[in-house]
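Shown next, in structure tokens, is the structure this report addresses.
Numbering (my numbering), first residue to last: 282 to 650.
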């Protein structure tokens with residue numbers, strides 16, 4: 282079980298202090314998407330440490346491609362001069378609460394003499410996080426999960442042979458370069474950002490202050506799209522229920538309609554979570570008036586005998602030749618070539634919020650220390 286305040290949940294706590302007590306005693310929930318992510322993280326760890334993954338693990342061809350792409354992307358960090366740590370557990374108790382986290386990959390890179398600059402470079406700490414989701418693009422800028430991993434690692438390796446002679450900065454860490462990596466292969470999203478360990482993102486006082494606010498039993502709940510997205514308490518959150526309209530009649534005032542539109546994604550997410558909640562209750566044997574559950578219709582798929590049967594009857598006609606998808610092609614040959622052979626047709630009109638400030642979420646959050 283994840284700790285109630287953890288690197289992965291910190292952004293939610295930052296956006297809604299009251300979410301800590303709201304979720305603290307609730308069990309973890311899972312999904313087929315989370316299960317796939319867990320599986321692919323396990324495969325990455327096994328390949329990185331053993332050179333192969335367990336024989337009893339069965340991957341689809343798409344999953345195999347994703348794993349190969351991710352490995353190739355980071356292959357340059359496998360040299361003898363790098364210290365690599367996989368599924369590295371960081372201890373963040375120095376922030377005043379029992380907090381731990383597991384970083385997918387940590388790399389320590391030594392300094393070297395730059396003859397052009399006539400000086401030694403700073404040693405480098407790489408923090409790498411795999412995201413195997415297909416829906417929401419994850420950004421590396423102002424990524425508090427990665428920042429917390431970096432802080433725990435900087436504490437742990439304070440006197441490492443690569444770091445021990447670096448000066449100590451105002452954040453209390455060795456003055457090194459920190460490179461944060463987000464690797465989200467399904468969305469062809471690989472982002473990095475280079476920072477100094479003296480950057481505001483690694484300021485201990487900021488995190489301690491947020492944690493103290495979360496530990497206040499009267500901490501306010503502030504529903505918003507990002508904070509509520511993965512919150513386990515949203516079904517019974519009174520603050521969120523105040524936003525959900527009791528009806529959607531079209532004869533509401535423009536002000537009332539605008540409130541509904543402004544919170545469209547929040548409302549949709551709430552309804553999806555409500556549906557999942559009721560489905561789980563029925564699966565566990567409860568009755569819910571007016572609703573039952575049934576198996577979804579699924580598409581037919583070829584079984585293990587299909588290849589042999591079809592090729593024996595149809596020979597070459599058993600196969601179709603068609604171009605691979607754009608996302609897959611971009612992973613293989615890069616954006617530069619793809620941009621020359623793709624086009625975007627003009628789309629239909631869609632309704633958008635003309636106040637762009639409403640769309641700026643955590644990436645524009647101003648840290649106050």
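Glycine is no exception: its CB is placed at the ideal position from the N, C-alpha and C atoms. Just so you know, these numbers come straight off a predicted model, no measurement behind them.
| Asked | Found |
| --- | --- |
| Contact belief for residue 386 with residue 352 at Cβ below 8 Å, rounded distance in angstroms | That belief does not hold up - the Cβ atoms of residue 386 and residue 352 are roughly 11 Å apart, past 8 Å. |
| Element boundaries [alpha helix (DSSP H), containing residue 356] | No alpha helix (DSSP H) holds residue 356; DSSP gives it neither H nor E. |
| Beta-carbon gap between residue 507 and residue 373 smaller than 8 Å | no |
| Segment contact flag, the segment 450 to 459 with the segment 474 to 481, C-beta cutoff 8 Å, min 3 pairs | yes |
| Cβ-based neighbour list, residue 525, same chain, cut-off 7 Å, excluding 5 preceding and 5 following | 548 and 551 |
| Neighbourhood of residue 366 by C-beta, 6 Å cutoff - its chain only, sequence neighbours within 5 removed | 387 |
| Euclidean distance between Cα positions of residue 333 and residue 629 | 47 Å |
| Three-state secondary structure (DSSP) of residue 387 | strand |
| In chain order, each alpha helix (DSSP H) run of at least 4 residues that lies wholly inside the segment 424 to 511 | 425 to 437, 485 to 495 and 506 to 510 |
| C-alpha distance - residue 616 paired with residue 415, whole-angstrom precision | 19 Å |
| Three-pair Cβ contact test at 8 Å for the segment 356 to 363 versus the segment 418 to 426 | no |
| Three-state secondary structure (DSSP) of residue 406 | strand |
| Cβ shell of residue 304 (< 7 Å), same chain only, five flanking positions each side left out | 285, 512, 513 and 514 |
| CB of residue 496 within 8 Å of CB of residue 509, strictly | no |
| Straight-line Cα distance separating residue 451 from residue 580 | 59 Å |
| Range of the contiguous alpha helix (DSSP H) that encloses residue 302 | 300 to 304 |
| Status (buried if at least 16 other CB within 10 Å, exposed otherwise) for residue 431 | buried |
| Host beta strand (DSSP E) of residue 372 (start-end) | 364 to 372 |
| Cα-Cα separation, residue 595 to residue 588 | 10 Å |
| Residue 381 versus residue 405: straight-line alpha-carbon distance, rounded | 23 Å |
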